[in-house]
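Visitor: This is the structure, below, for whatever I ask next.
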Amino acid sequence: MGDEPVLECRGLRKVFGENTAVDGVGFSIAAGETYGLLGPNGAGKTTTISMVAGILERDAGDVLVEGRVHSPRDGRGKSAIGYIPQELAIYPDLSATENLRFFARLYGLSRARARARTAEVLEVIGLADRAKEPVKQYSGGMKRRLNIGIGLLHEPRLLILDEPTVGVDPQSRNAILESVARLAAEGAAVLYTTHYMEEAERLCDRVGIIDEGRLRAEGTRRELVGLVGENDRVLLTAEGDLAAAAEAAGKLPAVRQAGHGEGRVDLLVESAREVLPAVLDTVTRAGAAVRAVEVREPNLEAVFLHLTGKALRD
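Quick note: the sequence shown, position 275, residue 275 per UniProt numbering, numbers continuous.
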């Protein structure tokens, strides 16, 4: 990753009537870094990136792209940005090649460069073999991939993707995530919004958790999980003397908390997968017959619940 941020946001604020959609949001993204805005629908993700992209005027705050203040009237700043919106921005009666060449010319690429970049982008998004077909014959996932390709044509330093996998099939979703990871590896700064926890965990170097227009926390996955503790929860479905089993397990050095209920022993354990054999041996010796084991590792869903008091998909 580069030392200087490609994008820096400070105190972004946007109000619609009596509704404060974004309230004091700030973050930065370096070259080669993928930053995820993780939050439920209506959290303020799209409003935030619309201000970053220069589509929406901000009521307060600053956006700097490559060190320069960026605004909706700043053509130079916009030329450094590739923006892929939730909505499809493609012409269905044209082929993928025709769409890409058209938008390449809008970006100001020469005819020769437009042809070259079209061929390169088709390979990146995996549509080279279907490039001559009318887009209206494409699946939803293929259209999404073309939508992404349009944002890549001018080789932007900052790539902004607003929930690009919503409503796509698993194969296209995987292709999109792989493409985003590859672009970051090649040096692009990526701002990625999602309400899918697994996407944020897979793609993002750092994550900002946003809810009700405010950035509740940000950091690496490890840093965020540390907010709720890095212990794993181990659920044992069992029969026998469960009280004795929980008491015995609670004496193990790695077990932070132990309890029991009807048909189960519930443990909070440090590095559960490493000490699970010792846990099972201990509860068995204490008189419990274990029928099933479930290990729940801490994740961003747990962090979101801890910070906001509600599940990510609420």
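Even for Gly, the Cβ is constructed at its ideal location relative to N, Cα and C. Predicted, not measured: the structure shown is a model, and the values here were computed from it.
Smallest Cα separation from Glu-239: which of Arg-206, Gly-219, Tyr-35 and Arg-291?
Guide: The shortest Cα separation from Glu-239 among Arg-206, Gly-219, Tyr-35 and Arg-291 belongs to Arg-291.
Visitor: Please state whether DSSP places Asp-281 in a helix, a strand or coil.
Guide: Three-state DSSP puts Asp-281 in a helix.
Visitor: Smallest Cα separation from Val-6: which of Gly-149, Ala-188 and Ser-271?
Guide: Cα-wise, what sits closest to Val-6 is Ala-188.
Visitor: Given this structure, state the Cα-to-Cα distance separating Val-135 from Ala-128, to the nearest angstrom.
Guide: C-alpha separation (whole angstroms): 13 Å.
Visitor: Measure from the alpha carbon of Ala-217 to the alpha carbon of each residue in Leu-37, Glu-98 and Leu-152, then state which is nearest.
Guide: Ala-217 has its Cα closest to that of Leu-37, out of Leu-37, Glu-98 and Leu-152.
Visitor: If you draw a straight line from the alpha carbon of Pro-40 to that of Gly-287, how long is it in whole angstroms?
Guide: Rounded to the nearest angstrom, the two C-alpha atoms are 45 Å apart.
Visitor: Pick helix, strand or coil for Glu-8, following the three-state DSSP scheme.
Guide: Three-state DSSP puts Glu-8 in a strand.
Visitor: Does DSSP put Asp-23 in a helix, in a strand, or in coil?
Guide: It is a strand residue.
Visitor: List the endpoints of the continuous beta strand (DSSP E) containing Leu-146.
Guide: Careful: Leu-146 lies outside any beta strand (DSSP E), inside the alpha helix (DSSP H) at 140–152.
Visitor: According to the Cβ coordinates, are Gly-208 and Tyr-35 closer than 8 Å?
Guide: Yes. Within cutoff.
Visitor: If residue 315 and Ala-43 are in contact, beta carbons under 8 Å, what's the gap, nearest whole angstrom?
Guide: The chain is shown only over 1 to 314; residue 315 falls outside these bounds and no answer can be derived.
Visitor: Rounded to the nearest angstrom, what separates Val-69 and Tyr-107 at their Cα positions?
Guide: So the two alpha carbons sit approximately 21 Å from each other.
Visitor: Roughly how far, in whole angstroms, is the beta-carbon of Arg-296 from the beta-carbon of Arg-233, given that I think they are within contact range, below 8 Å?
Guide: That pair is a contact at about 4 Å.
Visitor: Just confirm the distance between the C-beta atoms of Ala-248 and Val-283, as a whole number of angstroms; I'd bet it's less than 8 Å.
Guide: Indeed, because the Cβ distance is near 6 Å, the residues count as touching under 8 Å.
Visitor: Check each candidate in Gly-32, Val-255 and Ile-84 and name the one with the smallest Cα separation from Ser-50.
Guide: The shortest Cα separation from Ser-50 among Gly-32, Val-255 and Ile-84 belongs to Ile-84.
Visitor: Give the straight-line distance between the Cα atoms of Arg-13 and Phe-304, rounded to the nearest whole angstrom.
Guide: Near 22 Å, if we compare the C-alpha coordinates of Phe-304 and Arg-13.
Visitor: Given this structure, state the Cα-to-Cα distance separating Met-1 from Ile-29, to the nearest angstrom.
Guide: With a pLDDT of only 49 at Met-1, under 50, the local geometry of the prediction cannot be trusted, and no value is derived from it.
Visitor: Give the DSSP-derived three-state secondary structure of Gln-257 in the structure shown.
Guide: In this structure, Gln-257 counts as strand in the three-state DSSP scheme.
Visitor: Quick test of your reading: Val-279 and Leu-235, contact by CB under 8 Å. State the CB separation rounded to the nearest angstrom.
Guide: With 8 Å as the limit, Val-279 and Leu-235 do not qualify as a contact, their Cβ atoms being about 11 Å apart.
Visitor: Return yes when the Cβ of Leu-100 is within less than 8 Å of the Cβ of Val-121, no when it is not.
Guide: Result yes, Cβ atoms of Val-121 and Leu-100 sit closer than 8 Å.
Visitor: Taking the alpha helix (DSSP H) that Ile-176 falls in, what are its first and last residues?
Guide: Residues 170–185.
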